[in-house]
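J.: Quick mapping for you: the protein sequence lines, in order, are chains A and B. Take the first sequence: its position 42, counting from 1, is numbered 42 in our numbering, and each next residue is one higher. Each number in our numbering comes from the position in the second sequence (counting from 1) with 152 added on. Structure provided below as structure tokens; questions to follow.
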Amino acid sequence: MNTEKNVVSTLFERDILVNFLYQLDYFAFKKENSIKDFILKSLPVKMQESILQYFSQETENNNIDALVLKSKSLIKELSSLPVITLTVNTQLTEEQIYSISKWIQENTGIKVLLHFVEMENVVGGAIIESRGYIRDYTVKKYFEKRKENYGF
Amino acid sequence: MDFSTKMNEIGEFGIVENVRHPIVTASGLPGARLNEIVLFESGEMGEVFLMEENSLEILVFSKNPVMVGTKITRGDSFLSVPVGDELLGGIIDPLGNSVSQNIRMQKPATFRDIDVAPLGISSRARIKKPFVTGVTIVDTMVPLGHGQKELIIGDRKTGKTSFLLATIKNQVKLGSIAIYAGIAKRKSDIKKVETFLQDEGLANSSIIVSTTSYDSPSLIYLAPYTALTIAEHFRDMGRDVLVVLDDLSSHARFYLEISLLAKRFPGRDAYPGDIFHTHARLLERAGNFKLAEGREASITVLPVAEVVEGDLTGYITTNLMSMTDGHIFFDSDVYYEGRRPAINVPLSVTRVGRQAQSPLLRSINREISAFITLYEKVQNLSHFGAELNDSVKETIATGESVYRFFNQHYNISLPVEVQIVVFGLLWLGMIDRSEENLEKVKLRFIQEYAKDENKALFNSAYQQVSFNKLLEYITTNKTALLSI
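Put into structure tokens, the structure is as follows:
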């Protein structure tokens, strides 16, 4: 699925979408409402258009089996995306998340999910964790190191 | 080692994905190496046990399981134990922490890697120094040499530990260092060993590496490695070391548990395929080694294997028999006959001990072996109830007295000089052959041997080159020997 439109850029958003996709399976079984209504009811506005577009062929043909199959492959794809955890001081805005996500995609060329952890004692910058590596790029750490090396 | 300090320093982390205590599967740690230490966020410690493409298997040393989702980091070092003189008299766990409530031990500053490859042939010297256990039947019939690996095998409650304690006592008195590794023992068993060492004044030259059956299987698995690592430290200091591994059949059982939990394919009797390699690699760390300036120092290992109803054909026992330099078999039938120690001499083997024996002891050994074969044969015939002639009666009487001579309480260590003099007197019929009298004579001679004025008399007996010469010497000095 194309994530360039930032349909899913954080781990939180992925969890919402994956949860929806699992429910889709259940919905297909019950067949109470139309799929479109279900999408509009269950997903945030940001995701609705892209998801409707993604499943447009299956919804038009009312092909439930194909829909379930496609949702399962999407779950698999989303679960295999690498996660970058950023420990920051405050909650980030949508724009900040978007620009971080865009910067990572432009510079690394890979689609990643961001996971934000808020921690009060992280001062100036962020701690970045990914694929088993951890790097502390905070001002606090910089001063701690400086104190260790130079004594001030 | 602190978790957060190490994580900041190394900049790598992993996440626990799966727990099958004591085995943990984790993702992350891209720079991990096999057998490297792993630190857990919750304070536990582990070791990289197996590496796969996207995951690691870690052996956790704590008794309590860790939680899924716990963060881990690399310790950037391999598993090591503190080694040094400070350990003497201590009771430690396989990670080098003191576990004794009574003894306050200072932790040594030097560390040594636990799992190292055994030294090669160029570092080894021929085994030529006799290893005196102080137990007559062993020193004469199944002699050992410094640096030998001799398996102590037998049913439970046949006196194996008592024999080992007697050996430790004698060796410590002769200047060696003793390391007792209790592998999944009961707390009361460890306490017994501790009390024995303290009561006999041996604590300052001995170390107990203790694990009980309540400990984590991974910690139990490490116990013999720790014992040998400490032994290697003292060997490098030029000291002879005795290591008792009590027992390796329990060790194999715990290794089996770990391997099955790690989903390794089970082999014969469900033991993992590398059990032979694991034990052989461990026992190969024993031997007589060359040190600088032409000196030599040895690590003698006495591993114990417990069998059921005298069955010597078990998988682990036959493995151990083939990788050691012989075995001493403690037979329950012999035990119920009342012989102590209950060693079955014909079924015991020593492969390198005889080359370390003095010519006199070799000669005595030959004589007794031949006699015992005759005695067993004659004794079998006597069961038919036929009327026995005088020479058969004499053979049976002498045979019984020889076994009585071998009877020995584990608290009593007999110096070799005393052993041969008492045996010579007994063989020549110069002393009463009753059990009580033999016990009295042994005790008296041990006391008298300690006195300087009597030493020469015993030492000259030991200088004789053959059994016949010894008998001649004893006949000549009969009065002097019997009057002391």
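Just so it is clear, CB atoms sit at the ideal spot from N, CA and C, and this is done for glycine as well. Source: prediction; values computed, not measured.
What is the C-beta distance between B:Ala-184 and B:Met-203, in whole angstroms, given that I count them as a contact (C-beta under 8 Å)?
T.: Going by Cβ atoms, the distance from B:Ala-184 to B:Met-203 rounds to 7 Å, so yes, they are a contact pair.
J.: Nearest chain B C-beta to A:Lys-141 closer than 9 Å, yes or no?
T.: So yes, A:Lys-141 belongs to the interface.
J.: Distance cutoff 9 Å, beta carbons only. Does A:Ile-134 sit that close to anything in chain B?
T.: Closer than 9 Å to some Cβ of chain B, the Cβ of A:Ile-134 qualifies, so yes.
J.: Using the rule of at least 16 other Cβ atoms within 10 Å of the residue's Cβ for burial, across every protein chain shown, is A:Tyr-137 buried or exposed?
T.: The residue in question, A:Tyr-137, is exposed, as its Cβ has fewer than 16 Cβ neighbours within 10 Å.
J.: Looking at the unbroken alpha helix (DSSP H) that takes in B:Asp-542, where does it start and where does it end?
T.: Its alpha helix (DSSP H) spans residues 542-558.
J.: By how many angstroms is the C-alpha of B:Asn-170 removed from the C-alpha of B:Glu-161?
T.: Straight-line Cα distance between these residues: approximately 26 Å.
J.: Hey, out of B:Pro-282, B:Lys-344 and B:Thr-288, whose CA is closest to B:Ser-565's CA?
T.: Selected option, being the one with the closest Cα: B:Thr-288.
J.: Can you give me the C-alpha to C-alpha distance between B:Val-176 and B:Asn-206, rounded to a whole angstrom?
T.: One C-alpha to the other measures close to 14 Å.
J.: Between which residues of its own chain and B:Ala-422 is the CB-CB distance below 8 Å, once the five residues before and five after are set aside?
T.: Within the same chain, B:Ala-422 has close Cβ partners Leu-408 and Leu-412.
J.: Tell me the DSSP secondary structure of B:Pro-260 in three-state form.
T.: Correct three-state label for B:Pro-260: coil.
J.: So with CB distances below 8 Å, who are the chain C contacts of A:Arg-131?
T.: Absent from the structure is chain C; the protein chains it does hold are A and B.
J.: How many angstroms separate the CA atom of A:Glu-94 from the CA atom of B:Ile-167?
T.: Using only the alpha carbons, I get a separation of about 29 Å.
J.: Note down, in chain order, every chain A residue with its Cβ under 7 Å from the Cβ of B:Phe-165.
T.: Glu-129, Gly-132 and Ile-134, listed in chain order.
J.: Touching or not, the stretch 75-93 of chain A and the stretch 114-131 of chain A, by the rule of three or more beta carbon pairs under 8 Å?
T.: Yes: the two stretches touch, three or more of their Cβ pairs being nearer than 8 Å.
J.: Kindly provide the ranges of any alpha helix (DSSP H) runs that are 4 or more residues long and lie completely inside the stretch 460-499 of chain B, ordered along the chain.
T.: Entirely contained in the stretch 460-499 of chain B, the alpha helix (DSSP H) runs reaching 4 residues are, in chain order, 467-475 and 484-488.
J.: Along the chain, which unbroken stretches of the beta strand (DSSP E) at least 3 residues long are found entirely within the stretch 204-288 of chain B?
T.: Whole beta strand (DSSP E) segments, 3+ residues: 208-212, 223-230, 232-235 and 262-265.
J.: Does the structure place the stretch 267-287 of chain B close enough to the stretch 247-257 of chain B that three or more beta carbon pairs sit under 8 Å?
T.: No, the stretch 247-257 of chain B is not in contact with the stretch 267-287 of chain B.
J.: Which whole-angstrom value describes the C-beta separation of B:Leu-580 and B:Thr-550, a residue pair presumed to lie in contact below a C-beta threshold of 8 Å?
T.: So it is not a contact: roughly 11 Å between Cβ atoms.
J.: Return the CA-CA distance between B:Ala-608 and B:Glu-199, expressed in angstroms with no decimal places.
T.: Distance between the alpha carbons of B:Ala-608 and B:Glu-199: 57 Å.
J.: Report the neighbours of B:Met-159 on chain A: residues whose CB is nearer than 8 Å to its CB, in chain order.
T.: Within 8 Å Cβ-Cβ: Ile-134.
J.: Who does B:Thr-381 pair with in a DSSP beta bridge?
T.: According to DSSP, which records beta bridges pairwise, B:Thr-381 is partnered with nothing at all.
J.: Grouping DSSP H, G and I as helix and E and B as strand, with all else coil, what is B:His-535?
T.: Three-state result, B:His-535: coil.
J.: Among the candidates B:Glu-346, B:Gln-560 and B:Thr-465, whose CA atom is the shortest distance from the CA of B:Ala-355?
T.: Measuring from the Cα of B:Ala-355, the nearest candidate turns out to be B:Glu-346.
J.: Could you tell me which whole alpha helix (DSSP H) segments of length 4 or greater appear in the stretch 13-54 of chain A?
T.: Qualifying alpha helix (DSSP H) stretches, in chain order: 35-42 and 45-54.
J.: At what residues does the alpha helix (DSSP H) containing B:Thr-430 begin and finish?
T.: Run containing B:Thr-430: 427-435, per the alpha helix (DSSP H) assignment.
J.: Tell me whether B:Met-197 sits in a helix, a strand or coil according to DSSP, three-state version.
T.: Of the three classes helix, strand and coil, the one that applies to B:Met-197 here is strand, per DSSP.
J.: Nearest CA to the CA of B:Ile-335: which residue from B:Ser-368, B:Tyr-487, B:Val-574 and B:Lys-442?
T.: Among B:Ser-368, B:Tyr-487, B:Val-574 and B:Lys-442, the Cα nearest to that of B:Ile-335 is on B:Ser-368.
J.: Using the Cα positions of B:Gln-616 and B:Met-473, report the straight-line distance between them to the nearest angstrom.
T.: Cα-Cα distance, rounded: 34 Å.
J.: Find the nearest neighbour of A:Thr-90 within the set A:Tyr-98, A:Ile-97, A:Leu-69 and A:Met-119, judged by alpha-carbon distance.
T.: Taking only the C-alpha atoms, the option nearest A:Thr-90 is A:Met-119.
J.: So, are the CB atoms of B:Val-212 and B:Phe-230 less than 9 Å apart?
T.: Cβ atoms of B:Val-212 and B:Phe-230: not closer than 9 Å.
J.: Straight-line CA distance for B:Ile-548 to B:Glu-539?
T.: Cα to Cα, the separation comes out at about 13 Å.
J.: With 16 other CB atoms within 10 Å as the buried threshold, where does B:Thr-310 fall?
T.: B:Thr-310 comes out buried.
J.: Return helix, strand or coil for B:His-403, following the three-state DSSP convention.
T.: Three-state result, B:His-403: helix.
J.: CA-CA distance, A:Lys-46 and B:Asn-187?
T.: Those two C-alpha atoms are separated by around 48 Å.
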